[in-house]
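Student: Below is one structure. I have some questions about it.
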Amino acid sequence: MTEALVSVRDLRIGAVTDSGRQVQIIGGVSFDIAPGEIVALIGESGSGKTTIALSLMGHTRTGCAITGGTIRLGRHDVTGMREARRAALRGTEVSYVPQSAAAAFNPSKRIMDQVVEVTEIHRLMPRDQAEAKARDLFRALALPNPDTIGARYPHQVSGGQLQRLSAAMALIGDPSLVIFDEPTTALDVTTQIEVLRAFRAVMDKSAMAGVYVSHDLAVVAQIADRIIVLKGGEIQEEGTTEQILNAPTHPYTRQLLDAFEPVPHVPAASPGGTILEVRGLFAGYGAVRNGEPAAKILDDVSFRLERGRNLGVIGESGSGKSTLARAIAGILPAYRGKVRFDGTDLHPDLAHRSKDQLRRAQIVFQLADTALNPAQSVGAILARPLTFYHGTKGAARDRRVIELLDMVHLPAALRHRLPSELSGGQKQRVNLARALAAEPELILCDEITSALDTVVAAAILDLLKELQRELHLSYMFISHDLSTVEAICDEVLVMLKGKVVEALPATGMRDATHPYSRLLISSIPQLDTGWLKGLEQDPELMAQFMRR
Amino acid sequence: MLRSATTWLLVGQRLGIAAITLLIVSFAVFFATELLPGDVAEILLGQAATPEAVAGLRTAMGLDEPAIWRFLSWLRGLFTGDLGMSYVNNVQVSDMLAGRLANSLRLAGIVTVICVPVALALGIASAMWRGSWLDRIVSVLTISVISVPEFMVATLAVLIFAVWLGWLPALSFGVEVDSLGAMLRAYAMPVITLSFVVAAQMIRMTRAAVIETVNTPYVEMALLKGASRRRMVLGHALPNALGPIANAVALSLSYLVGGVIIVETVFNYPGVAKLMVDAVSTRDLPLIQSCAMIFCISYLLLITIADVVALLSNPRLRR
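Protein chains in written order, with the working numbering: chain A, 5 to 552; chain B, 9 to 327.
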C-alpha cells in the first residue's frame, strides 16, 4: 500500500461558547486519505464535517481551535507549523471549494483576478500563463464562453457557473488535495448534475485527492471512493462507498439510508368535496400599471385540491412555487384569477378576507428561524393565534398551548423557552403548531423540510401525516425535493417559470410526459454509484430549460 | 478599469439629485429664517421707534413684498453671487463672508489633511490586527475622545499648552502671524482639538466597516487561498468597505465646516460658524441665510462625493 497523502490522528477541536464555556466539537477523529482518492465526510448539521475539512488546511473558524491530535499532509505537519507556513500550503498543496460560491467570490473584483490570485500569492507563474491555464480549466469545467467569462463580475454569472468557477479557483494551483464543502447543496437539481459532472470529469483526469463534505448520500455516492459517516464530532462508520450504501453496519448509517427509502404514501380517507380551487391565477411583484405588476410571476395557474388530500408543488428556484402559496394566502394579492375555498370565492387581498376565512387556511414558512419572533417565548407565540382567532384566554389558553405542543410531540416545558434555545427540528414543529392553533382545514407548507437534516425532515413528514389522520387536514406541499413530495402527496404540480407544465399523480411521477418534468425527475440523484455515469439527458432539452 | 456609460449616467443622476436637494434646502433655509419671531425693523430701530419709522424701514428693506417673491430674488442673488446687504453692518454679506470662509476652509483643510490619512491608517490597521495591543489602545483612545465633549478637549488643551506649558498662544486671532513658526503655533490648538474629535469618529467607523467585510465568506476564501492578512484586508476587504468608509469620512468632515462653533468660540477663531452665531444674536437675516447655505452646500458636497465614491467602488450598483 502506498503511503497515505493525508493522515489525521486523534484530532480534537474545541470551541469557546459566548458564555465562555469550553466545548469539544471534534472528539478524537482519525482517518487517512490515499493519493488520488476521494473521501466523503457525511453527516448532519453540527456533525463537524466542515470543521474537520477546514482543519486539513490548518484553519479553524473564529472561536474554535485545534486542541489535540495531528494532521499530516504529504510531508507537512499541518498542526505543528506556524501560520505563515500554513498559508504557503493553502492553494498549492490543499485548496477549498466553498459551499456558497456566490458568497465566496469578492463582489468587487473580476472573476479572472480571483481565479488566478492563488498563482499570484504563491508566485507560481506569470499572469498571462495563469490566465491561459484558467481558461483551460473553464473549458474542462464546461463553462460557457471560457475565453471571456473571466472578465465578468461575480453577480453577472449564474450560481451553477460560479460554483464551477470556484472549482477552477481551487484547481489552478495544482494542489494534491481539494476540499469540496457541500458545493452543490445550494443548487437546483438540474444544475447540480452539471456541476457534479464537471467535478467528476476534472477529478478523474487529474491525480488529485479530494475530500467531499455533504449531507446528501446520493450526491456523495456519485463522486466518492470512500465514505466517513460522522455524528457529534465522532466517526460512526468508515468504509468504501459500496459497502456503506449496501452493507452498512452502524445503526446511524442505516438510519441515514432509511430516510432515503421512499415511504409509499397512503391517501387518507377523503370525506369528499373540493377544499381549494384555483382558476387562472396571475400574480407578480413590483409597481402595478394598467392592473398588471411590473414583474409577472404566476401565469395562468389552475388546479383543484380535494378535501383530505395533499397537493405537491415542485419546480426549481424561481419557478413561482412560493409565489403561488403567497397568492393563495393573500399575502401577495393575485391580479387576475380566482381562489375558491370550500365553495366560496376568497378576496385576492388578505386584508379583505374575513377572520374565519383566514383561520381556515394557514401557511407555514420554510425558515422557522425567521418566522418565529426571537423575543417571544414559545408559549407566547402559540397563544397569540389562540386569542386572535378563538378569543381563548387565561387557563384555557395555557391548556391549549400544552395540547398543541403535545400534538407536535414537544414537551410542555418547552413553552417557557425562546426560539433560539430550540433545535432546527423543534423550531419547525413550533412553526407548525402555530398554524394548528388556528384549527385550519388547509395548511400551505412552503419548503418546510428543506432546511432540515434528512432524519429530522422524515420525522416532520411522519408528524404531518399523523396530524392529517387526526385533524382531517389538507396540505399544499411546496418543495424542490421530489422524494419528500412523493412521501406525502397525492397529486403533484410541476412548475416552470410561473406556469404549471404538468399535473401528475404522485405515484406516477416516473411516467411524466412533459419533457421538463422528465428532465427534473431524472435529475434527482439516486443512491447508486453508477447513476451519474449512466444518466443520459438530452443536451438540447437541458439547454432549453436550464437557466444558463 | 473601464467604466461603462451607465456608470456615468448613475453618477450624473446622483449629481442631479444633489442639485434638487440644494434647491429644496435653500427653500427651507429661507423660510425657516423668515419664521424667526420678531420684526427686523423693530429690532433695528430699538424700543423708542415710532410706528411710522418702522413702516418706512420695512418698505425700504423690501420686507413688505410677498415672501415668495423675496425668496426668488434672493435665490437669483445667490446664483449671481449677490448675497445681499447685511442689515446690521450695511456691508455686502459676501464681503463679510469672504475672509471668514477662507479662515474656516483653511482650518478645515489643515485638519482634513492631517486627520484623514491618520484615521484611515489607524482604522484599517486596528481592523487588520483585531484584538492586538494596537487595536486595544486605539479603541480605548477613540472611545475616550468621543465621550469627552469637545469644549472639554478645547479647554483642557488651553490649560495644558497655553497656561501650564506656555508653548502655544491661547487665542488664535490677534496673534501676529509673521513667520511659519508663528502660524503653526496659532493653528496648533484648534487643529489638535478638531482632529481629536473628527479622527476618533473616522477611526471607529473605518474599523467597523473593514471588520464587517473581513467577516464575509470571500475574505475567508482569500485566507484559504493562502493570502496574507495584509492581502486579505487591503486586497479583499477594503475595496468592499470603501463605500461605508467614504460616507463616514464625509460625515465627519462636514462637521468641520458647520459644527466647529464651540472650537471657534473657545479659541476666538474668526470662522464662518462664529460669524453665524453673531448674526443670529443681531438678527441679521441675509447673513444667517448665507451662512446656513454655506453649511448646507459643504455638507451636500461631501455626501455627494462619498456617494459617487461608493458608486464607483461597487460593481453591483453600476448595473
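For each residue, glycine too, the CB sits at the ideal point set by N, CA and C.
1. Whose CA, out of K53/A, Q28/A, Q472/A and T517/A, lies closest to the CA of I239/A?
2. Looking at the C-beta of V122/A, does it have a partner C-beta in chain B at a distance below 8 Å?
3. Which residue marks the beginning of the beta strand (DSSP E) containing V241/B, and which one marks its end?
4. For the stretch 423-478 of chain A, list the alpha helix (DSSP H) runs that are entirely contained and at least 4 residues long, ordered along the chain.
5. Can you name, in chain order, every residue of its own chain whose Cβ lies under 7 Å from the Cβ of G331/B, other than the five neighbours on each side?
6. So I367/A packs on L376/A, CB below 8 Å; how close in whole Å?
7. Find the nearest neighbour of R291/B within the set L43/B, M191/B and S34/B, judged by alpha-carbon distance.
8. When DSSP builds the beta bridges, which residues end up paired with I176/A?
9. Can you tell me whether C68/A is helix, strand or coil according to DSSP?
10. Using a threshold of 8 Å, state whether the C-beta atoms of I231/A and A44/A are closer than that.
11. L486/A and I525/A: beta carbons closer than 8 Å?
12. What are the residues that DSSP puts in a beta bridge with F35/A?
13. So with Cβ pairs under 8 Å, would you call I231/A a contact of chain B?
14. Looking only at C-alpha atoms, which of V10/A, D36/A and P509/A sits nearest to P268/A?
15. I need the straight-line Cα distance from L195/B to V156/B, nearest angstrom please.
16. Can you say whether D23/B is buried or exposed, counting buried as having 16 or more other CB atoms within 10 angstroms of its CB?
17. Can you give me the Cβ contacts of E73/B inside the same chain, cut-off strictly under 6 Å, excluding the 5 residues immediately before and after it?
18. Using C-beta distances below 6 Å, list every residue in its chain close to V343/A, excluding the 5 sequence neighbours before and after it, in chain order.
19. Under 8 Å between beta-carbons, which chain A residues line up against R239/B? List them in chain order, please.
20. Beta carbons nearer than 7 Å to chain B: which residues of the stretch 39-62 of chain A have them?
21. Leaving aside the five residues before and after V101/B along the sequence, list all residues of the same chain whose C-beta is less than 8 Å from its C-beta, in chain order.
22. Counting only the same chain and skipping the five closest in sequence on each side, list residues whose C-beta sits under 7 Å from that of H420/A.
23. In this structure, how does DSSP classify P59/B when only helix, strand and coil are distinguished?
24. Any C-beta of chain B within less than 8 Å: which residues of the stretch 157-168 of chain A qualify?
25. Name the residue from I132/B, V222/B and L113/B whose alpha carbon lies nearest to the alpha carbon of M213/B.
26. Any C-beta of chain A sitting closer than 8 Å to the C-beta of R324/B?
27. Determine the closest residue to Q247/A out of G236/A, L261/A and G237/A, with distance taken between C-alpha atoms.
28. If I'm right that L65/B touches A49/B with Cβ under 8 Å, what's the distance once you round it to whole angstroms?
29. Between which two residues does the alpha helix (DSSP H) holding K537/A run?
30. So with CB distances below 7 Å, who are the chain B contacts of A19/A?
31. In terms of alpha-carbon separation, which member of S99/A, I492/A, L477/A and V505/A lies closest to D304/A?
32. Looking at the strands, I want to know which residues DSSP matches up with Y100/A.
33. Going along chain B in order, which residues have a C-beta closer than 9 Å to the C-beta of A107/A?
34. Counting only beta-carbon separations shorter than 8 Å, does Y100/A have a partner in chain B?
35. Helix, strand or coil: which one does DSSP assign to Y216/A?
36. If you drop the 5 nearest sequence neighbours on each side, which residues of the same chain put their C-beta closer than 6 Å to that of A230/B?
Tutor: Looking at the atomic coordinates:
1. Comparing alpha-carbon positions, the option among K53/A, Q28/A, Q472/A and T517/A lying closest to I239/A turns out to be K53/A.
2. V122/A counts as touching chain B.
3. No beta strand (DSSP E) contains V241/B, which DSSP labels as neither H nor E.
4. Listed in chain order, the alpha helix (DSSP H) elements of length 4 or more contained wholly in the stretch 423-478 of chain A are 428-441 and 458-475.
5. This structure does not reach residue 331/B, given that chain B is present from 9 up to 327, and the question cannot be answered.
6. Not a contact, Cβ separation roughly 14 Å.
7. The option with the nearest alpha carbon to R291/B is L43/B.
8. In the DSSP output, where bridge partners are listed per residue, I176/A has none listed.
9. DSSP places C68/A in strand when its eight states are reduced to three.
10. Using a Cβ distance threshold of 8 Å, I231/A and A44/A count as a contacting pair.
11. Yes.
12. DSSP lists V12/A as partners of F35/A.
13. Taking a beta-carbon distance threshold of 8 Å, I231/A does not count as an interface residue toward chain B.
14. The closest CA to that of P268/A, considering only V10/A, D36/A and P509/A, is found on P509/A.
15. Checking the displayed sequence, the identity of residue 195/B turns out to be Tyr instead of Leu. Y195/B and V156/B: Cα-Cα distance of roughly 21 Å.
16. Note on identity: in this sequence residue 23/B is Leu, with Asp being the wrong assignment. With fewer than 16 other Cβ atoms within 10 Å, it is exposed.
17. Excluding residues within five positions, none has a Cβ falling inside 6 Å.
18. In its chain, beyond the 5 residues on either side, V282, I332 and L350 have a beta carbon closer than 6 Å to the beta carbon of V343/A.
19. Neighbours of R239/B on chain A, chain order: I125.
20. Identification of residues in the stretch 39-62 of chain A having a C-beta nearer than 7 Å to some C-beta of chain B yields M61, given in sequence order.
21. Cβ within range, chain order: L91, G92, M93, S94, P294, L295 and S298.
22. Shown here for H420/A: same chain residues with a beta carbon closer than 7 Å to its own, the five before and five after excluded, namely S381 and G383 in chain order.
23. In the three-state reduction of the DSSP assignment, P59/B falls in the helix class, which pools H, G and I.
24. For the stretch 157-168 of chain A, which is checked against every Cβ of chain B, the residues closer than 8 Å are Y157 and H159.
25. Answer by Cα proximity: I132/B.
26. At least one chain A Cβ lies under 8 Å of R324/B.
27. Of the candidates G236/A, L261/A and G237/A, the one whose C-alpha sits nearest the C-alpha of Q247/A is L261/A.
28. In this structure, L65/B and A49/B form a Cβ contact; the two beta carbons are roughly 4 Å apart against a cut-off of 8 Å.
29. Here the alpha helix (DSSP H) through K537/A covers W535 to G538.
30. Within chain B, no C-beta atom comes less than 7 Å from the C-beta of A19/A; the nearest is roughly 16 Å away.
31. The residue with the shortest Cα to Cα distance from D304/A is V505/A.
32. Bridge partners of Y100/A: I183/A.
33. Within chain B, the residues near A107/A are T224, P225, Y226 and M229.
34. Taking 8 Å as the CB threshold, Y100/A lines the interface with chain B.
35. In the displayed model, Y216/A falls within a strand according to three-state DSSP.
36. M240 and H244, listed in sequence order.
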